[in-house]
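Chemist:
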Amino acid sequence: KKAIIDPFLFKYKVQPIKKELYEAVIVKASQLSRRKHLFSRDRLKLFLKQHCEPHDGVIKTKATSIAKYNLAEQNFSYFFPDDPPTFIFSPASKRRGRPPKRASTSLEDEITAKQNTQGNKSKVAREKTRFQKQKE
């Protein structure tokens, strides 16, 4: 396996937005940074909404973004100097989302649980009325 290349060894060509006022400059990696609050979770969500869409459970880049930024002509090594990552396949879990919260076992929950069982209909009704009287 190839050794990982230190990112501080790279030099980057920075192209200005207003090309008529400024010219492109080559800088070291240590000279590049971004302001503290420039990248946030909300901005990342907005970026993903604008440039990605779900297809059969997989998030893919929109065709408009691929065309706009010429992504079809690029490959992994154009953006990253190291070997592409190898992902280990893991089967999808049967459960989706959060696990259910634990239900509190109050007297009302016990009564409704008893209502669901057969054979205790009259006893459940008596307990329910007794519980309502205790509340009053």
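Residue numbers for the sequence shown follow full-length UniProt numbering, so the first one is 1 and each next one is one higher. Beta carbons are placed, not taken as given, at the ideal position from N, Cα and C, and that holds for glycine. The structure displayed is predicted, hence computed values, not measured ones.
1. Thinking just about the alpha-carbon of each residue, which of A3, A29, A63 is nearest to the one in residue 146?
2. Thinking C-alpha only, which one of N75, K36, P81, F10 is nearest V27?
3. Since I4 sits in a beta bridge, which residues does DSSP pair it with?
4. Identify every residue that forms a DSSP beta bridge with V27.
5. Would you check whether the ligand ATP has a heavy atom nearer than 6 Å to the C-beta of S90?
Modeler: Taking the definition as stated:
1. Residue 146 lies beyond the stretch modelled for the chain, which goes from 1 to 136, so this question has no answer here.
2. Position 27 of the sequence shown, counted from the start, is the residue given in the question as residue 27. The residue among N75, K36, P81, F10 with its C-alpha nearest the C-alpha of V27 is F10.
3. Taking the first residue of the sequence shown as 1, we reach residue 4 at position 4. In DSSP, I4 forms no bridge with anything.
4. Indexing the sequence shown from 1 puts residue 27 at position 27. Note: V27 sits in a beta bridge opposite Y12.
5. This structure does not include the ligand ATP; it has no bound ligands of any sort.
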